[in-house]
Every structure is written in structure tokens, then in C-alpha cells.
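A.B. asks: For the protein sequence lines, the chains are A and B, in the order given. Numbering of the first sequence is given in UniProt numbering, commencing with residue 1 and proceeding in unit increments. Numbering of the second sequence is given in UniProt numbering, commencing with residue 1 and proceeding in unit increments. Got a structure for you, written out below as C-alpha cells; questions coming shortly.
Number of protein chains: 2
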Amino acid sequence: MTSRRRGAAPVTLKDVAADAGVSVATASQALAGRGRMTDVTRQRVRLSAERLGYRANALARGLRTGRTQALGVHHQSAAASLATAYFRDFLAGAIEAAHRHDHDLVVLSSDTTRPRTSAPRVDGVVVVDPIADDLRARELMEMPVPVVAGEHVPAHMPPCAVVAADHATAVRTVLDAAAAAGARRPLLAAPDENSGWGNLLREVVVAWCAERGTTPVLVSTQFATRSVDTERARLTPVLVAHPEVDLVVGASPFAALGALQVLRALGRTPGGDVLVAACADGQGLREEDPPVTAVELPAHALGAACVERLVSMLDTEGGADAALGTVQTVPAPVHLRASTSGAVGVLR
Amino acid sequence: MTSRRRGAAPVTLKDVAADAGVSVATASQALAGRGRMTDVTRQRVRLSAERLGYRANALARGLRTGRTQALGVHHQSAAASLATAYFRDFLAGAIEAAHRHDHDLVVLSSDTTRPRTSAPRVDGVVVVDPIADDLRARELMEMPVPVVAGEHVPAHMPPCAVVAADHATAVRTVLDAAAAAGARRPLLAAPDENSGWGNLLREVVVAWCAERGTTPVLVSTQFATRSVDTERARLTPVLVAHPEVDLVVGASPFAALGALQVLRALGRTPGGDVLVAACADGQGLREEDPPVTAVELPAHALGAACVERLVSMLDTEGGADAALGTVQTVPAPVHLRASTSGAVGVLR
């Protein structure tokens, strides 16, 4: 109906609506990817907008919807953690999900040597692995935007919606398998109370033991420890003092690898008279002798689920408030390997 | 000097400066991570700011510096490309560099089924692998913010600063090695003129041949082709028609792998009477029989260099204008393997 106008007044939404033969409201919804209409109608409006050279005023649109169409992701040490498969996969899942909903994905600065000089321009934030002593995470969680925590939140942090791997089911699967192989006295080496993940693992193992009338030996590690040597040093005195332990569950692969070294040094046989497992796979656990049972953390699915949760909170009236304190879980497959199939009861 | 004030007027920069015993200007620079001062002074100001609970007003700061402290990265198919090592490594390098400078890194939405509903809130943009028919890239390159292209820009796209792998040096190394082994008649299979990378490869190979009084056989492929079958189908008629070709250079590993299949089907011996190389390593080229010579694209270093370039353009008065049309290169190692060490001249 109208041909491209050159040097004339800017093309308005009204022009687009007239060209496409729809109401202004329908044209607006079609261009925003919202509203109910046939694909044909939506496509017709878009073609009209394109043909007329219509460009929504970004600022006006931002003011109207109050949205930046950007979602933030925070990780205490994002830059350093890009070396790990976990964070790379998490980020890939988050980016894919954000782009599916036509949102930008902002990897928030993890330079913690100075305070942020400005608040990030985002509609919401995903905080990956919230740690109690992460001041930036705390700062972000107190911003007036919805927050999804990618993993359980430790005590004394602001409440938010949680999306986490289903560690409880996975760890119970590991414990049950070890029990079927004869294990009775578990030791758990898990991050201290700064980590919501560590807290959950402790709860699960303590509850499982209580159901069997026993108590686990608990060793506190640090969340970010990525050193077999450190874990070995931490575990040595405990395993010396507790020869009755017949199952060592390490939260991280490093803890499980450290345990293997200590146990061998003590003359014990991993997979034989003592079982070993990890609550996170990786670091060649599968190639160990014996191969070590481990939980596969679903990093990619978790990253996607965090973003999906955030978008649905943003798109639903009152969605952010309703989500506070909720926990959504993502299945975490367990790889049962030889390290938990030994016949402990028989061999001892 | 001042203790934390509760419920009083907001702490100002003046309060912080007084507490730290420095001028307001110094306090401002210290908190912004700018200016010349000792680390001790900078630290003293930060401690004062922290103790007093000073928080720069984000909006005011944004208005004053005109900066969002966020940098965008655009890739035509960012979400899909996360499956490739190249884009993952590029992104990791970009994020690390951005965070080193305390900037957020925005992975811009690659949903191209609809136009952007708002301009991204970023100080500048890195466009990865700019392709002429990528309308979003064009849109971003026309925004009033500095743009760095991560790879050469095809004709008819807006000018910008370029940071690219040093393909010219790398490909000449490959060609020289093949020539030393007797190759005289190269074929280049490279992306069409939509790709600045493809254009550069053509220029280099044509110039190298001209220096030797010959001309290459040129085959146009598509930039995003990630299929050996497609490349094989494209190469078959050309290699049948040009039995004199004694060196096949594929831009992508897929083109090189396709060439291997065609050459074998034609009864030729890759690494023997015909040499093969790729301008990008990957897809198991190293494990082929014979292992295929290839250029290692420095994705991580390139991602970091693009962001460093953008930050320096932003931090320098007039830096963005001065950078227009400049090309900065990052070394690209060449892995010479058996596929180019055959004695072509002798065997034919």
C-alpha cells in the first residue's frame, strides 16, 4: 500500500498496521513476538515493517515494557571457571535458552578486586553456585530484579528461586548401591557451610545413615578446591582415625581421587574392602583403577533450566514473588562403576 | 575518621575522600580503577568506601562516564556455534579479557527469526566472523558505538576495526611447504565473497601463484558448511575436470576431508601425488591417514584481542575513529603434517 518513504517523517507503527491491514495493537504484538494470532498474520506485519523500514524506538520500547531483554549470569570466578567443562556447559545451555527467547545473555564481570561501578542492565540474574562469602552474588541478589540460583543457596543469603541438580536422588542411588555391596560406615568429604550444595549433600547422607541407625563421618572441604593434594592432606588424618569407614563419598572428583591415594597408602583396596564415589564426575574418574562411581552433573541442562525459569518468572504477572523459595530440580544421572561394586562385607 | 552512618544522608564521595585523606578527584579515580596513584592509596580509598558503605550511584555514574561497562559479542549463530570449539574458545577469551577490565560480556541474541526489539545496552560490540548477509551484524555495525570485527569484513559492510588471525602468513607457510615438496598447481576451496576470510584466502593464494607465474583453481563454498558430504559433492566435478591439480587447500577441515575422499576415489594418493591442507584445524585432521597439514586458528587469543582492542578504543580519546579500517593480526600456528610432505614432483 505504501512504498518505502525516503527522507519523510519516520515510519510509525500506525503505518505498519495500515500496510498490513491489522490494528495497531496487533501490529505491536506481532513485532514484539507476543499476542495470539496466526503465523501468517505475524509474518505479514513483519514483512510490512521491513518493507517500510520501520524501526521501533529502542528507548521508548524499553520504557514501555520496562525490559532490557538481557539476562545476567554471575559466577564467583567466571573467567577462571571457563577452564572447567562444568561452567562452559552451563554457560552454553544458558546462552542457548536466552537466545531461544531472544534475550541477550550477560556474563557479569567476575573481577572482584573492585566493587561494581554500575548496576548491570539486566532484567534478571542467574547466580551460579552461590557461595556465602561471595559479596558480588549477595549484591546482585539484593538488586530489585528476579534472581534464580543455579544450585542450592547457603544460609544467610537472600532468598530466591533455586534450580539445582537432583543431588538427593543421585546420592541416594550411590549410597544404596554401596550398601548393596556391603558398605555400612560412610565418610562424606563435602564443601563447608558456605556452599548450599555441600549442605545438601550432608543432609542427604546424614538422613540416609539415620534411616539405618548409624552416623556418617563428615569432613569439611572448601568449595573451590581443585587439588587432589589438598584433599589428600585433609583426608589422611580422618581416614587414619576412622578405620571403620568402608565408603568414602567425595563431593568433588578431587576429593574422591585424594581418597583413593590415602586409602591405598593405608593398605586398603578401593572397590574391594572400601568403596569410593564422587558427587561430581570428571577428572578421569572413569579411567581410574578401579573406575570411580560418580554423579554426572547436568551442567548444560541446568544452565538452560535456570534461564527458562527466569524468563517464565519475568513473563508471568507476580511470577518472581511466587518463585521465591521454590526449588526446581534437574535429573542427575549416576554412573555406577567398579569402585562401588566390591563385596565389602565379604572381603573384610 | 567517620564511622558507618545509619539512616543518615547517603555517604558521598566527599566523605570517602575525607576519610581516606585524599582529594575528591583522587578518590573518584581510585574507585573507578583509573588515575595514577600507589596501590596503597588506591586500597586506602577502597577500604574507606567499604567501611562507610559508599555506593556510587549507578545511574549518575553511567550518565557521567556514558558507559555501561558492558561489551557485546555477536555471532550469526551464537547459540548453535557453542557446539564448536572455535566459538567456545573465542568466547572464553573474550569473557576473560572483558572481566580483566571489569566489563560485563554480553552474548547478543542470535535469534534471527525476529528483529531486535531494543538496542543492546553495551559500550561497543565485537562481531565474530562477519558475513555479508548477516542482517543483525549489519544492524549492530551501524549502531553509534565502536565495533571490532573478529575476522576480516567482506565488501559492502560498514567499516570497522578488524582483529584477525594472521591467515596470510600461515597460508603462505603451507603453500611454501607444499611447493618445496613439488606442488605447482593449487586448488583452493574457500567460502564465497560473503566471507571476508574467504576473500583473504583467495587473495593470498592468487598472489602466491602469480609470483610463480601460475593461477590457482578456485572453488567457492559456503561459510557455514559443516558437512564433508557437501564439500565432496562440490569438489568432485572440479577435481575430475582438473587432473593437473597437485595441491588442494580447503579453507575448512570439512573441505579438506571432502577433498581426501574425492582424491582417493579418483585413484590419487593424498600426501603422495597430490598434497592436501586446511586453513583451519580440527575434525580429526591430525588423525587422518595421512595426517593433514592445517592452520591452528587462535580462537582464544583472538577473542581476548578483540575485547582488548575494543576497550582500548573506548578508553582512548578519538580511539574509535582512529581504529576504523585498521587490521590487527594474531599469529596462527601451522601444523605441517604428512599430507604436504609427499614428493609430488618425483612421484608423478
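All residues carry an ideal CB built from backbone N, CA and C; glycine is no exception. As the structure is a computational prediction, the values presented were derived from the model and not from experiment.
Quickly, what does DSSP pair B/Leu-247 with across the bridge? List them, please.
C.D. replies: B/Pro-186, B/Leu-275
A.B. asks: Check whether the region 229-237 of chain B and the region 274-283 of chain B are in contact - that is, three or more C-beta pairs closer than 8 angstroms.
C.D. replies: no
A.B. asks: Hey, is B/Ala-338's beta-carbon within less than 8 angstroms of any beta-carbon in chain A?
C.D. replies: No, no contact with chain A.
A.B. asks: Using 8 angstroms as the limit for Cβ to Cβ distance, is B/Val-238 near chain A?
C.D. replies: B/Val-238 does not count as touching chain A.
A.B. asks: Any residues in the region 102-136 of chain B with a beta carbon nearer than 9 angstroms to a beta carbon of chain A? Which ones, in chain order?
C.D. replies: Going along the region 102-136 of chain B in chain order, one finds Asp-102, His-103, Asp-104, Leu-105, Val-106, Val-107, Leu-108, Ser-109, Ser-110, Asp-111, Thr-113, Arg-114, Pro-115, Arg-116, Thr-117, Ser-118, Ala-119, Pro-120, Arg-121, Val-122 with a Cβ nearer than 9 angstroms to chain A.
A.B. asks: Just to confirm before moving on: does the CB-CB distance between B/Ala-338 and B/Gly-271 stay below 8 angstroms?
C.D. replies: yes
A.B. asks: Would you kindly check if the distance between the Cβ of B/Ala-170 and the Cβ of B/Val-295 is under 8 angstroms?
C.D. replies: yes
A.B. asks: Please specify which runs of the beta strand (DSSP E), each continuous and at least 3 residues long, are wholly inside the region 90-165 of chain B, giving them in chain order.
C.D. replies: 104-107, 124-128, 147-150, 161-165
A.B. asks: Distance, Cα to Cα, B/Leu-63 vs B/Val-206?
C.D. replies: Confidence in B/Leu-63 is poor, its pLDDT being 40 and thus under 50, which makes the residue's placement unreliable; the coordinate value appears in the next sentence. Going from the Cα of B/Leu-63 to the Cα of B/Val-206 covers about 51 angstroms.
A.B. asks: Nearest to B/Arg-172 by alpha carbon, out of B/Asp-129, B/Ala-137, B/Ala-210, B/Val-147?
C.D. replies: B/Ala-210
A.B. asks: Around the C-beta of B/Pro-191, are 16 or more other C-beta atoms found within 10 angstroms, so that it is buried, or is it exposed?
C.D. replies: buried
A.B. asks: Kindly list, in the order they appear in chain A, the residues whose Cβ is closer than 7 angstroms to that of B/Glu-96.
C.D. replies: Ala-79, Leu-82
A.B. asks: Considering only the alpha carbon of each residue, which of B/Ala-98, B/Leu-140, B/Leu-135, B/Ala-132 lies closest to B/Pro-120?
C.D. replies: B/Leu-140
A.B. asks: Could you give the DSSP three-state label for A/Gly-62: helix, strand or coil?
C.D. replies: Note that A/Gly-62 has pLDDT 41, beneath the 50 cutoff, so the model's placement of it is unreliable and the number below is only indicative. Helix.
A.B. asks: Where does A/Ala-301 fall in DSSP's three states?
C.D. replies: helix
A.B. asks: Looking at chain A, is there any beta carbon in it that lies within less than 8 angstroms of the beta carbon of B/Arg-36?
C.D. replies: no
A.B. asks: Are B/Arg-184 and B/Asp-246 closer than 8 angstroms when you measure CB to CB?
C.D. replies: With a cutoff of 8 angstroms on beta-carbon distance, B/Arg-184 and B/Asp-246 are scored as near each other.
A.B. asks: Taking C-alpha atoms, which residue in B/Asp-133, B/Pro-291, B/Glu-244 lies nearest to B/Leu-260?
C.D. replies: B/Pro-291
A.B. asks: Does any CB atom of chain B fall closer than 8 angstroms to the CB of A/Leu-169?
C.D. replies: Residue identity check: residue 169 of chain A is Thr in the sequence provided, not Leu. No, no contact with chain B.
A.B. asks: Flag A/Ala-17 as yes if its beta-carbon sits less than 8 angstroms from any beta-carbon of chain B, otherwise no.
C.D. replies: No, A/Ala-17 does not count as interfacial toward chain B.
A.B. asks: Among B/Leu-200, B/Ala-304, B/Ser-227, B/His-242, which residue has its Cα nearest to the Cα of B/Ala-256?
C.D. replies: B/Ser-227
A.B. asks: Counting only the same chain and skipping the five closest in sequence on each side, list residues whose C-beta sits under 7 angstroms from that of A/Val-16.
C.D. replies: Only Ala-27, Val-45, Ser-48, Ala-49, Leu-52, Tyr-54 meet the Cβ criterion.
A.B. asks: Does chain B have any CB closer than 8 angstroms to the CB of A/Gln-69?
C.D. replies: Output row for A/Gln-69: interface = yes.
A.B. asks: Whole angstroms is fine: what's the gap from A/Gly-182's alpha carbon to A/Leu-82's?
C.D. replies: Cα to Cα, the separation comes out at about 40 angstroms.
A.B. asks: Tell me B/Pro-191's beta-bridge partners as DSSP assigns them.
C.D. replies: B/Thr-221
A.B. asks: In terms of residue numbering, what span does the alpha helix (DSSP H) encompassing B/Gly-258 cover?
C.D. replies: 253-265
A.B. asks: In chain B, which residues lie less than 7 angstroms from A/His-99 when you measure between Cβ atoms?
C.D. replies: Within chain B, the residues near A/His-99 are Ala-78, Ala-79, Ser-109, Ser-110, Asp-111.
A.B. asks: Please go through the same chain and pick out, in chain order, the residues whose beta-carbon is closer than 7 angstroms to the beta-carbon of B/Arg-6, but skip the five residues on each side of it.
C.D. replies: Confidence is the limiting factor: at B/Arg-6 the pLDDT is only 39, short of 50, which leaves the residue's position unreliable, though a coordinate-based value still follows. Nothing listed; no residue qualifies.
A.B. asks: Excluding the 5 residues flanking B/Ala-301 on each side, which residues of the same chain have their C-beta closer than 7 angstroms to its C-beta?
C.D. replies: Gly-93, Val-330
A.B. asks: What is the DSSP secondary structure of A/Thr-26, counted as helix, strand or coil?
C.D. replies: Look at A/Thr-26 here: in three-state DSSP terms it is helix.
A.B. asks: To the nearest angstrom, how far is the alpha carbon of A/Ala-165 from that of A/Val-148?
C.D. replies: Answer to the nearest angstrom: the Cα atoms are 14 angstroms apart.
A.B. asks: I'd like to know if A/Ala-92 contacts chain B, where contact means its C-beta is closer than 8 angstroms to some C-beta of that chain.
C.D. replies: yes
A.B. asks: Between which two residues does the alpha helix (DSSP H) carrying B/Val-171 extend?
C.D. replies: 167-180
A.B. asks: In the structure shown, what three-state DSSP assignment does A/Gly-72 receive?
C.D. replies: strand
A.B. asks: Straight-line CA distance for A/Ala-18 to A/Val-24?
C.D. replies: 8 angstroms
A.B. asks: Determine, for A/Arg-88, whether the minimum Cβ-Cβ distance to residues of chain B falls below 8 angstroms.
C.D. replies: yes
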